[in-house]
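Going down the list, the sequences are from chains V and D.
Quick note: the first sequence uses the working numbering, first residue 1, plus one each step.
Quick note: the second sequence uses the working numbering, first residue 1, plus one each step.
Here is the structure we will look at.
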Amino acid sequence: QGGLGDNHVHSSFIYRRLRNHERREIQREILSILGLPHRPRPFAPGKQASSAPLFMLDLYNAMTNEEDSEELEYSLKGSIAGDSRGIRKGYPASPNGYSQRIQLSRMTPLTTQNPPLASLHDTNFLSDADMVMSFVNLVERDKDFSHQRRHYKEFRFDLTQIPRGEAVTAAEFRIYKDRSNSRFGNETIQISIYQIIKDYPNRDADLFLLDSRKAQASDVGWFVFDITATSNHWVINPHNNLGLQLCAETGDGRSINVKSAGLIGRHGPQSKQPFMVAFFKASEVLFRSVR
Amino acid sequence: AANNKRKNQNRNKSSSHQESSRMPSVGDYNASEQKQACKKHELYVSFRDLGWQDWIIAPEGYAAFYCDGECSFPLNAHMNATNHAIVQTLVHLMFPDHVPKPCCAPTKLNAISVLYFDDSSNVILKKYRNMVVRSCGCH
Chain V
1 QGGLGDNHVH SSFIYRRLRN HERREIQREI LSILGLPHRP RPFAPGKQAS
51 SAPLFMLDLY NAMTNEEDSE ELEYSLKGSI AGDSRGIRKG YPASPNGYSQ
101 RIQLSRMTPL TTQNPPLASL HDTNFLSDAD MVMSFVNLVE RDKDFSHQRR
151 HYKEFRFDLT QIPRGEAVTA AEFRIYKDRS NSRFGNETIQ ISIYQIIKDY
201 PNRDADLFLL DSRKAQASDV GWFVFDITAT SNHWVINPHN NLGLQLCAET
251 GDGRSINVKS AGLIGRHGPQ SKQPFMVAFF KASEVLFRSV R
Chain D
1 AANNKRKNQN RNKSSSHQES SRMPSVGDYN ASEQKQACKK HELYVSFRDL
51 GWQDWIIAPE GYAAFYCDGE CSFPLNAHMN ATNHAIVQTL VHLMFPDHVP
101 KPCCAPTKLN AISVLYFDDS SNVILKKYRN MVVRSCGCH
């Protein structure tokens, strides 16, 4: 059946080193299935500059569990009807183990040291999505202070590499908040994310408010901002992609330094660095040509 | 007794002579080609073995099937898919252990997911839910 997933492997599969011509042929076949012209060469692991791989691995596990629970359903029905495949060891017994696992994660307190977990909001998009992509922040130099003495942080993501025919069904910007600076006590802080409409060399950029969140200074955890509409706009008009600006203000509208508000930027630990993630849906059915 | 013996010898000689001159037919399939018959093999492909573990994050590998050997009645200029399916089915009924069934119907594969880095270190999670393999030939 040619499944791509180590949890489809039965003990009867032979583990042996591939011969050279087999290796080349299988590499060619995998690249054709993934739609890639050549094997990618990502940055060195240390330079990942985001915690996206951890988040995406979490989504991958959730997705694989979903596939298995579909298979499980099949095998449960199958085994009732006398199919020999039976129930897989070590997986949640209930066919909806996936949501069960997510429920568990919802119960974890916000002050968690775990890697970012998929929220229920992601779950719906995940089960519909054919592809999920996380994007590395391209801004190298942090500009913390605007001309009109407003604190902000900039983020930019390259969405031009999205495969043709994929439509954005949901997109999020995720940033981790640690405890704010003690001088804010337990004040309410408003965190806002803007789309940069137009940039100027010697004055503040034109901004469009996308989303904003209220947080207590003592709150710790991931903040998720919905940037679906903006992402779709950028995919259709890449030249309008000037990035995002993140600002933090106190309750009385005073702009404060994003770092002192507790928001982790590119220099924080890898498991807490900000990233963008987008969910995609494709329409065509993929036929593999006969070799 | 001598006559009977000579008669038997004649009969043997004529039958073997007869055999070598007849064209090989469906019934004779299991003669010389048995050791070359196409067989379906199972193989675990490890991405580490492919040297790709630096950009494929998960899974570690996947289960693959491949065929080795000659089809009993391969598709070629003289054998189209329909004839192949008919002949292969007949011979499979006669030698189920040696000749596999024809496999021309589309086969839907299990859903698979792959997590990997692209050239810019973006992470891509791709899910293949409705992959269909259409093949004709032994498997």
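Using N, Cα and C, we set each Cβ at its ideal position, and we do this for glycine too.
Buried or exposed (CB count within 10 angstroms, at least 16 for buried), residue i
i: Arg-174(V); result: buried
i: Phe-43(V); result: exposed
i: Lys-177(V); result: buried
i: Val-132(V); result: buried
i: Pro-100(D); result: buried
i: Ser-127(V); result: exposed
i: Met-94(D); result: exposed
i: Leu-59(V); result: buried
i: Ser-231(V); result: buried
i: Glu-241(V); result: Glu is not the amino acid found at residue 241(V); the sequence shown has Asn there. Burial call: buried.
i: Gln-273(V); result: buried
i: Gly-185(V); result: exposed
i: Pro-59(D); result: buried
i: Gly-253(V); result: exposed
i: Ala-81(D); result: exposed
i: Asn-20(V); result: exposed
i: Ser-182(V); result: exposed
i: Ser-84(V); result: At Ser-84(V), the pLDDT of 34 sits below 50, so the modelled position is not reliable; the number obtained from the coordinates is stated separately. Exposed.
i: Asp-219(V); result: buried
Beta carbon of residue i nearer than 9 angstroms to that of residue j
i: Tyr-44(D); j: Phe-13(V); result: yes
i: Ile-26(V); j: Leu-36(V); result: no
i: Leu-50(D); j: Arg-23(V); result: yes
i: Pro-40(V); j: Trp-55(D); result: yes
i: Ile-191(V); j: Ala-261(V); result: yes
i: Glu-172(V); j: Met-63(V); result: no
i: Leu-34(V); j: Tyr-116(D); result: yes
i: Ser-255(V); j: Arg-150(V); result: yes
Collapsed DSSP secondary structure at residue i in the structure displayed
i: Gln-187(V); result: One detail in the question is off: residue 187(V) reads as Glu in this sequence, not Gln. Of the three classes helix, strand and coil, the one that applies to Glu-187(V) here is coil, per DSSP.
i: Tyr-62(D); result: strand
i: Lys-127(D); result: strand
i: Trp-361(V); result: One cannot answer for residue 361(V) here, as it falls past the ends of chain V, which runs 1 to 291.
i: Lys-101(D); result: coil
i: Pro-154(V); result: Correcting the residue identity first, residue 154(V) is Glu in this sequence and not Pro. Glu-154(V): strand per DSSP, three-state reduction.
i: Arg-19(V); result: coil
i: Gln-88(D); result: helix
i: Thr-169(V); result: strand
i: Asp-211(V); result: strand
i: Arg-24(V); result: helix
i: Gln-161(V); result: coil
Proximal chain B residues relative to residue i, where beta-carbon distance stays under 7 angstroms
i: Leu-59(V); result: Absent from the structure is chain B; the protein chains it does hold are V and D.
Candidates the options: closest to residue i by CA position
i: Asn-228(V); options: Leu-244(V), Asp-219(V), Ile-191(V); result: Inspection of the sequence shows that residue 228(V) is occupied by Thr rather than by Asn. Looking at the Cα atoms, Leu-244(V) is the closest of the given residues.
i: Val-136(V); options: Ser-121(D), Asn-130(D), Met-94(D), Glu-42(D); result: Ser-121(D)
i: Ala-215(V); options: Ala-129(V), Ser-182(V), Pro-37(V), Gly-251(V); result: Gly-251(V)
i: Leu-209(V); options: Pro-238(V), Asn-237(V), Ala-217(V), Ala-248(V); result: Ala-248(V)
i: Leu-125(D); options: Ala-52(V), Leu-138(V), Arg-179(V), Ser-255(V); result: Ala-52(V)
i: His-98(D); options: Phe-47(D), Phe-73(D), Arg-48(D), Met-131(D); result: Phe-73(D)
i: Val-235(V); options: Thr-169(V), Phe-125(V), Lys-198(V); result: Thr-169(V)
i: Gln-109(D); options: His-41(D), Tyr-116(D), Lys-127(D), Ala-77(D); result: It should be noted that the sequence gives Leu, not Gln, for residue 109(D). Measuring from the Cα of Leu-109(D), the nearest candidate turns out to be Lys-127(D).
i: Ala-64(D); options: Ala-85(D), His-84(D), Asn-76(D), Glu-42(D); result: Glu-42(D)
i: Leu-75(D); options: Ala-85(D), Ser-46(D), Ile-57(D); result: Ala-85(D)
i: Asp-211(V); options: Thr-160(V), Pro-269(V), Val-224(V); result: Val-224(V)
i: Leu-159(V); options: Ser-182(V), Phe-279(V), Tyr-15(V); result: Phe-279(V)
Item to complete: Any chance you could list the alpha helix (DSSP H) runs of at least 4 consecutive residues sitting entirely within the stretch 231–264 of chain V, in chain order?
Response: none
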